[in-house]
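Visitor: Under numbering that gives the first Met the number 0, think of the first position of the sequence shown as 0, with each following residue one higher. No residue lacks a Cβ here, since even glycine has one placed at the ideal position from N, Cα and C. Keep in mind the model is a prediction, meaning the values are calculated, not measured.
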Amino acid sequence: MKILIVGPSWVGDMVMAQTLFQCLKQRHPECEIDVLAPEWSRPILERMPEMRAALSLPLGHGVLDLATRRRIGKSLAGQYDQAILLPNSLKSALVPWFAGIPKRTGWKGEMRYGLLNDIRKLDKARYPLMIERFMALAYEPGAALPQPYPQPRLQIDEASREAALAKFELQLDRPVLALCPGAEFGEAKRWPAEHYAKVAEIKIRAGWQVWLFGSKNDHAGGEDIRMRLIPGLREEVSNLSGQTSLAEAIDLMSAATAVVSNDSGLMHVAAALNRPLVAVYGSTSPGFTPPLADQVEIVRLGLDCSPCFERTCRFGHYNCLRELKPRPVIEALDRLVGDPLALVEGD
Numbered sequence: 000m001k002i003l004i005v006g007p008s009w010v011g012d013m014v015m016a017q018t019l020f021q022c023l024k025q026r027h028p029e030c031e032i033d034v035l036a037p038e039w040s041r042p043i044l045e046r047m048p049e050m051r052a053a054l055s056l057p058l059g060h061g062v063l064d065l066a067t068r069r070r071i072g073k074s075l076a077g078q079y080d081q082a083i084l085l086p087n088s089l090k091s092a093l094v095p096w097f098a099g100i101p102k103r104t105g106w107k108g109e110m111r112y113g114l115l116n117d118i119r120k121l122d123k124a125r126y127p128l129m130i131e132r133f134m135a136l137a138y139e140p141g142a143a144l145p146q147p148y149p150q151p152r153l154q155i156d157e158a159s160r161e162a163a164l165a166k167f168e169l170q171l172d173r174p175v176l177a178l179c180p181g182a183e184f185g186e187a188k189r190w191p192a193e194h195y196a197k198v199a200e201i202k203i204r205a206g207w208q209v210w211l212f213g214s215k216n217d218h219a220g221g222e223d224i225r226m227r228l229i230p231g232l233r234e235e236v237s238n239l240s241g242q243t244s245l246a247e248a249i250d251l252m253s254a255a256t257a258v259v260s261n262d263s264g265l266m267h268v269a270a271a272l273n274r275p276l277v278a279v280y281g282s283t284s285p286g287f288t289p290p291l292a293d294q295v296e297i298v299r300l301g302l303d304c305s306p307c308f309e310r311t312c313r314f315g316h317y318n319c320l321r322e323l324k325p326r327p328v329i330e331a332l333d334r335l336v337g338d339p340l341a342l343v344e345g346d
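1. Taking a contact to mean a Cβ-Cβ separation below 8 Å, would you say Arg173 touches Gly221 in this structure?
2. Report yes or no: is there a C-beta of chain D within less than 8 Å of the C-beta of Gly231?
3. Can you give me the start and stop residues for the alpha helix (DSSP H) that Gly220 sits inside?
4. Mind checking Ile249: buried by the 16 CB within 10 Å criterion, or exposed?
5. Please confirm if the stretch 149-163 is in contact with the stretch 37-52, defined as three or more CB-CB distances below 8 Å between the two stretches.
6. Let me check understanding here. Comparing Cα to Cα, which of Trp106, Ala187 and Met110 lies closest to Arg119?
7. Which of helix, strand or coil does DSSP assign to Ile155?
8. If you reduce the DSSP assignment to three classes, tell me which class Gln347 lands in.
9. Helix or strand or just coil, what does DSSP make of Lys107?
10. Starting from Glu330, follow the alpha helix (DSSP H) in both directions and report where the run begins and ends.
11. As a quick exercise: from Glu322, Ser244 and Phe314, pick the residue whose alpha carbon is nearest that of Trp39.
12. How should Gly301 be labelled, buried or exposed, when 16 other C-beta atoms within 10 angstroms of its C-beta is the threshold for buried?
13. Do Val34 and Leu84 come within 8 Å of each other at the CB atom, strictly closer than that value?
14. Determine, using beta-carbon pairs with one atom in the stretch 286-304 and one in the stretch 262-272, whether at least three such pairs fall under 8 Å.
15. Which two residues bound the contiguous alpha helix (DSSP H) that contains Val298?
16. Give the C-beta separation of Ser253 and Gly213 to the nearest angstrom, bearing in mind that I take them to be a contact with Cβ-Cβ under 8 Å.
17. I'd like the list of long-range same chain contacts for Ile223, defined as Cβ closer than 6 Å, with 5 residues on each side in sequence excluded.
18. Would you please state the rounded distance, in angstroms, between the beta carbons of Lys1 and Tyr79? I believe it to be under 8 Å.
19. Is any heavy atom in the ligand FMN found nearer than 7 Å to the beta carbon of Leu164?
20. Under DSSP, the beta strand (DSSP E) around Gln208 begins and ends at which residues?
21. Figure out for me which residue from Leu3, Gln25 and Ala36 has the closest Cα to the Cα of Val14.
22. Going by C-alpha distance, which of Cys30, Arg26, Ser91 and Cys179 is nearest Leu56?
23. What's the gap between the Cα of Lys188 and the Cα of Phe133?
24. Residue range of the alpha helix (DSSP H) that Ala278 falls in?
25. For Arg132, which of helix, strand or coil comes out of DSSP?
26. In whole angstroms, what separates the C-alpha of Glu29 from that of Phe20?
27. I need the DSSP call for Cys179, collapsed to helix, strand or coil.
28. To the nearest angstrom, how far is it from the Cα of Ala278 to the Cα of Val259?
29. In its own chain, which residues sit with a C-beta less than 7 Å from the C-beta of Val343, not counting the 5 before and 5 after it?
30. Please name the residue, chosen from Leu58, Leu176 and Leu75, that lies closest to Asp333 on a Cα-to-Cα basis.
31. May I ask which residues mark the beginning and end of the alpha helix (DSSP H) holding Leu245?
32. Jot down the residue ranges of each uninterrupted alpha helix (DSSP H) in the stretch 26-101, minimum 4 residues, whole runs only, in chain order.
33. Leaving out five residues on either side along the sequence, give the residues of the same chain with a beta carbon under 6 Å from the beta carbon of Thr288.
34. State the start and end residues of the unbroken beta strand (DSSP E) segment that holds Ala257.
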């Protein structure tokens, strides 16, 4: 059985999509799974053992380009028994339809009658989690989902990790605190730089080093965090934001002793690498897309106005994040990993 997955357009969603792939493999052990998704997602997909191939969709987010979708669909004709669509948009259903894939499965979404022939009506109360909505598409309508739910797990190649460490001249002679202070969604997901800097200061004084991860857009914010530290401490911070490829970021993060992250795609990457993780929530909620790992601490204030799921604070104060001080995050880190230096010294 050959299955084409039309993948999502965000890093965190792509990581969580692995739960669907795991369910498909449990149900059909011999099935072959290909994913059609933006090229940026290839480093994530290549680290998922359930995958056969990542197929590039050379279109930006929201772009229709009917001719390109038709050309890709025609090139895939006759190759698949089923297509499963994770996005709910009409345009995401076009390639499987042009390919003539016999069974085309997805949630009702944007007027997709005809484009899908295995169309599901979503019961949000029954499937409150995003992974439940993904996993349910592996089964017949109304079927019970397997318990416990699978967790995304990215596989790391040791040689690739060593190459990334050498490229950026990083050493693992001290514990590594990975900080992910960015969030593509907007300011309402970003814990303030001064709070991240305080966490960095405390861990550096305890003998750790700090690596900052993020996109090019996050580099200036990483420098803000670094420059808030006094000379002698800021040199212990490596701002990798915008310097690494996504593949390198994944490999380097796998070496972290612990991670502190906003609710972002990198948060889900850290969880899928099974790193001890402190996830900081403000305007969003772990009730829909929580990090899926065993060593996770959620830190949030839970103000009356949150979660609002807005990109910017409608009151202008961002108190759900500004009033969330560093101490709870430090305490969460201590619960997760304690003092690894003390363990080394005691051996």
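Guide: In short:
1. No, the Cβ-Cβ distance between Arg173 and Gly221 is not below 8 Å.
2. Absent here is chain D; the protein component of the structure consists of one chain.
3. Note, Gly220: alpha helix (DSSP H), His218 to Met226.
4. When all chains shown are included, Ile249 counts as buried.
5. A contact exists between the stretch 149-163 and the stretch 37-52.
6. Proximity to Arg119 across Trp106, Ala187 and Met110 peaks at Trp106, based on C-alpha coordinates.
7. Residue state, collapsed to three classes: coil.
8. Since the first and last residues shown for the chain are 0 and 346, residue 347 lies out of range.
9. Three-state DSSP puts Lys107 in coil, outside helix and strand.
10. Looking at the DSSP string, the run of the alpha helix (DSSP H) that includes Glu330 is Pro325 to Val336.
11. In terms of CA proximity to Trp39, Ser244 leads the group Glu322, Ser244 and Phe314.
12. Answer is exposed; the Cβ neighbour count stays below 16.
13. Contact: no.
14. Result yes; three or more Cβ-Cβ pairs closer than 8 Å.
15. Segment Val295 to Val298 is the beta strand (DSSP E) holding Val298; no alpha helix (DSSP H) there.
16. Going by Cβ atoms, the distance from Ser253 to Gly213 rounds to 17 Å, so no, they are not a contact pair.
17. Residue identity check: residue 223 is Asp in the sequence provided, not Ile. Closer than 6 Å at the Cβ level, and outside the excluded window around Asp223, lie Ala192.
18. With a Cβ gap of about 5 Å, Lys1 and Tyr79 count as contacting.
19. Among the components of this structure there are no ligands whatsoever, and the ligand FMN is therefore not found.
20. Counting along the chain, the beta strand (DSSP E) containing Gln208 begins and ends at Gln208 to Leu211.
21. Distance from the Cα of Val14 is smallest, within the candidate group Leu3, Gln25 and Ala36, for Ala36.
22. Taking only the C-alpha atoms, the option nearest Leu56 is Ser91.
23. Rounded to the nearest angstrom, the two C-alpha atoms are 24 Å apart.
24. From DSSP, Ala278 is part of no alpha helix (DSSP H) but of the beta strand (DSSP E) over Leu276 to Val279.
25. Assigned with DSSP and collapsed to three states, Arg132 falls in helix.
26. Their backbone Cα atoms lie some 12 Å apart in a straight line.
27. Correct three-state label for Cys179: strand.
28. Taking the Cα positions, Ala278 is about 6 Å away from Val259.
29. Confidence is the limiting factor: at Val343 the pLDDT is only 41, short of 50, which leaves the residue's position unreliable, though a coordinate-based value still follows. If you ignore the 5 residues before and after Val343, its C-beta comes within less than 7 Å of no other C-beta in its own chain.
30. Nearest of Leu58, Leu176 and Leu75 to Asp333, Cα basis: Leu176.
31. It spans Leu245 to Met252 - the alpha helix (DSSP H) in which Leu245 sits, taken as one unbroken run.
32. With a minimum length of 4 residues, the unbroken runs of alpha helix (DSSP H) contained wholly in the stretch 26-101 fall at 41-44, 65-74 and 93-98.
33. These residues qualify, in order along the chain: Met129.
34. In this chain, the beta strand (DSSP E) harbouring Ala257 covers Ala257 to Asn261.
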